[in-house]
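**Student:** Numbering (the numbering used here), first residue to last: 100 to 262.
We put the CB at the ideal spot given by N, CA and C, even for glycine.
(1) Measure the C-alpha to C-alpha separation of residue 146 and residue 183 and round it to an integer number of angstroms.
(2) Taking a contact to mean a Cβ-Cβ separation below 8 Å, would you say residue 142 touches residue 113 in this structure?
(3) Would you check if the distance between the CB atom of residue 218 and the CB atom of residue 128 is smaller than 8 Å?
(4) Take every Cβ of the region 185-203, pair it with every Cβ of the region 220-232, and state whether three or more of those distances are shorter than 8 Å.
(5) Could you check if residue 190 is buried or exposed, using at least 16 other CB atoms within 10 Å of its CB as the buried criterion?
(6) So residue 177 is in the alpha helix (DSSP H); what residue range does that whole segment cover?
(7) Quick one: what's got a C-beta closer than 8 Å to residue 136's C-beta in the same chain, skipping five residues either side?
(8) Starting from residue 224, trace the beta strand (DSSP E) both ways and give me its first and last residue.
(9) Determine the direct distance from the alpha carbon of residue 255 to that of residue 122, and round the result to whole angstroms.
(10) How long is the line joining the alpha carbons of residue 154 and residue 220, rounded to whole angstroms?
(11) Drop a sphere of 10 angstroms on the beta-carbon of residue 140, count the other beta-carbons inside from all chains shown, and report buried for 16 or more, exposed for fewer.
(12) Name, in chain order, the residues that DSSP records as bridge partners for residue 152.
(13) Can you tell me which of the three DSSP states residue 256 falls into?
(14) What residue does the beta strand (DSSP E) around residue 128 start on, and which one ends it?
(15) From which residue to which residue does the alpha helix (DSSP H) around residue 215 run?
(16) Quick check on this structure: which residue in 126, 169, 119, 133 has the alpha carbon closest to the alpha carbon of residue 207?
(17) To the nearest angstrom, report how far apart residue 243 and residue 181 are at their CA atoms.
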């Protein structure tokens, strides 16, 4: 108020990231892992909407110590097991997570990502944060790919919600 700014909308970080890194129209189930130093966001996205979100207090460690790696791996396994075990009201399995997408400052730490994902049966990839910004990708800033991984939420916040 003292700055004279009036908010016109609010958004959730997980949904903003999903808007940036999931291709528009992709209705499959994905797990986004937003890796930070002290915490990580695990977001299950299905039908282009964040359906489940948890933020465990485990990250890559500020000193690259990989402290909490085994705990984070356990959290990822729990989310995958929970989501992939779901059934519809007739007992038939529903959409399983097809891909894991990694973003955040920890996603550029190759050794950490390799250790985190080495036992995963689900395919994974680093996020393309510019995916939905321009149809011809002619407005992509000149920025190193690894650096761009930290801007998924900011990029998603400026993208329109076209559902």
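**Tutor:** Let me lay it out:
(1) 15 Å
(2) yes
(3) no
(4) yes
(5) exposed
(6) 168-183
(7) 158, 159, 160, 161, 204, 205
(8) 222-225
(9) 12 Å
(10) 22 Å
(11) buried
(12) 142
(13) helix
(14) 128-134
(15) 209-216
(16) 133
(17) 35 Å
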